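Novice: Residue numbers (the numbering used here): 3 to 404.
Glycine is no exception: its CB is placed at the ideal position from the N, C-alpha and C atoms.
None of the values given here were measured: they were computed from a predicted structure.
Please read through the structure below; I'll follow up with questions.
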């Protein structure tokens with residue numbers, strides 16, 4: 003391989019000329035004489051020198067602080083691709099961790115040493131791996147953008163490393179806890195939603211955004227997500243999230259039982275709505291996942307002695323992923339949870355068939371439930387003040403009436 007070296011001259015924030023060396027791979031030596039490689043190197047140099055235009059000069063003062071760049075450049079440019087939930091959490095983390103520490107520091111004075119010491123300090127204070135990794139990713143993204151926009155001569159975050167952190171506690175629900183919780187729920191709506199959370203593993207926003215047209219009889223097709231009571235049509239976390247959610251056979255009767263007594267089961271209607279307030283009073287709006295668990299499920303789970311930290315959609319999704327390893331391949335688990343990359347579930351590649359995903363999900367559901375059957379047909383609506391719910395009945399001649 004032919005390699006080339008050349009020098010590039012720039013100006014720093016104070017207008018002083020600085021020199022950088024470039025090392026480039028030119029081409030394989032085979033069938034390429036040295037004079038040809040030199041000519042190709044000249045073309046590379048000419049292309050870079052013309053493409054750069056005038057030598058960039060960075061602001062000589064300290065007016066560009068870390069806070070100014072994050073709020074006036076980084077967030078406005080990046081937030082267009084953030085989901086509402088991610089925007090809320092990430093904006094908070096940027097302000098709470100990064101801006102509060104580096105805010106008044108002139109951006110040009112930010113160094114790899116200061117960044118690394120700060121990250122190491124977070125790890126030593128016992129912050130979780132998720133928090134430290136998010137800070138690590140954010141600061142690297144900020145300095146990279148600052149370098150690309152020529153607010154920095156070099157990227158101080160390029161060589162920063164992720165420090166070691168304490169392993170995070172990732173609890174799962176035991177089979178006995180799952181059966182006890184399902185057996186204690188007396189409302190068809192609540193039971194159906196918990197069945198989906200435990201045995202189908204949708205994300206919270208996906209479960210709250212399900213519509214009746216999503217239900218195909220053997221799978222759920224997400225058409226959008228819901229966050230803080232608002233529905234976002236067509237917006238899903240990744241392309242893989244658009245895949246159908248396999249529904250095990252024991253779960254299907256529970257969905258049908260809820261559909262029969264649901265106030266509105268038209269295709270566009272939400273599967274799990276609640277009543278709006280304020281400007282949306284009288285409208286059916288998406289539920290908030292946290293409010294649902296706090297008001298409807300945790301009063302039941304606390305009576306059973308199940309800790310609140312286990313009664314979350316994330317724990318139910320993790321429990322499903324953990325149990326699936328005994329009923330299918332790692333690739334089956336990835337397909338069931340609809341992860342964009344298998345690295346999320348493990349760095350192992352296994353050939354997958356769509357049928358095998360459904361079999362693995364059904365096998366795991368049967369293993370948990372055993373001979374237990376949900377009394378879905380006997381349940382009604384309890385404690386939610388549903389008005390004018392039509393109930394279908396049949397007379398002796400088999401005629402359906404409402």
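Pick out whichever of 149, 159 and 153 has its Cα sitting closest to the Cα of residue 137.
Specialist: 159
Novice: What three-state label does DSSP hand residue 270 in the structure shown?
Specialist: Coil at residue 270, not helix or strand.
Novice: Please report how far the alpha carbon of residue 131 lies from the alpha carbon of residue 40, in whole angstroms.
Specialist: So the two alpha carbons sit approximately 49 Å from each other.
Novice: Going by the DSSP bridge assignment, what does residue 8 pair with across the sheet?
Specialist: Its beta-bridge partners are 24.
Novice: By a C-beta neighbour count over all protein chains shown, 10 Å radius and 16 as the cutoff for buried, is residue 208 buried or exposed?
Specialist: buried
Novice: Which value, in whole angstroms, describes the spacing of the CA atoms of residue 13 and residue 270?
Specialist: Rounded to the nearest whole angstrom, the C-alpha separation of residue 13 and residue 270 is 60 Å.
Novice: Pairing CB atoms from the stretch 361–373 with CB atoms from the stretch 319–328, are three or more of them under 8 Å?
Specialist: yes
Novice: Within 10 Å of its beta-carbon, does residue 336 have 16 or more other beta-carbons around it, so buried, or fewer, so exposed?
Specialist: That one is buried.
Novice: Of the choices 267, 193, 316 and 67, whose alpha-carbon is the least far from that of residue 447?
Specialist: Beyond the ends of the chain as shown, which are 3 and 404, falls residue 447; an answer cannot be given.
Novice: So, for residue 133: in the same chain, excluding its five sequence neighbours on each side, which residues have a beta-carbon less than 8 Å away from its beta-carbon?
Specialist: 95, 99 and 124
Novice: Using DSSP bridges, identify the partner residues of residue 67.
Specialist: 108
Novice: Beta-carbon separation of residue 359 and residue 338 under 8 Å?
Specialist: At the C-beta level, residue 359 and residue 338 come within 8 Å of one another.
Novice: Indicate the three-state DSSP secondary structure (helix, strand or coil) for residue 120 in the structure shown.
Specialist: Helix.
Novice: State the beta-bridge partners of residue 229 as determined by DSSP.
Specialist: 232
Novice: By Cβ distance, which residues of its chain are closer than 6 Å to residue 179, with the 5 residues on each side in sequence left out?
Specialist: 308
Novice: Cα separation between residue 246 and residue 382?
Specialist: 28 Å
Novice: Helix, strand or coil for residue 187, going by three-state DSSP, please let me know.
Specialist: coil
Novice: Beta-carbon within less than 6 Å of residue 6's beta-carbon, same chain only, minus the 5 sequence neighbours each way: which residues are those?
Specialist: Non-local C-beta neighbours of residue 6 in its own chain, meaning closer than 6 Å and more than five positions away in sequence, comprise 26, 28 and 43, ordered along the chain.
Novice: Taking 8 Å as the threshold (C-beta atoms), are residue 333 and residue 188 in contact?
Specialist: no
Novice: Taking residue 122 and residue 165 to be in contact with their CB atoms under 8 Å, please state how far apart those CB atoms are, rounded to whole angstroms.
Specialist: A Cβ-Cβ distance of about 5 Å is found for the pair residue 122 and residue 165, placing them in contact under the 8 Å criterion.
Novice: Answer yes if the stretch 284–297 comes into contact with the stretch 224–232, meaning at least three C-beta pairs across the two stretches below 8 Å, and no otherwise.
Specialist: yes
Novice: For residue 342, count neighbouring Cβ atoms within 10 angstroms of its own Cβ and tell me buried if that reaches 16, exposed if not.
Specialist: exposed
Novice: Which full runs of the beta strand (DSSP E) of 3+ residues lie inside the stretch 282–351, going along the chain?
Specialist: 286–288
Novice: List the whole-angstrom C-beta distance separating residue 69 from residue 101, where the pair is believed to meet the contact cut-off of C-beta under 8 Å.
Specialist: 5 Å
Novice: Report the rounded CA-to-CA distance for residue 331 versus residue 224, giving the unit in angstroms.
Specialist: 24 Å
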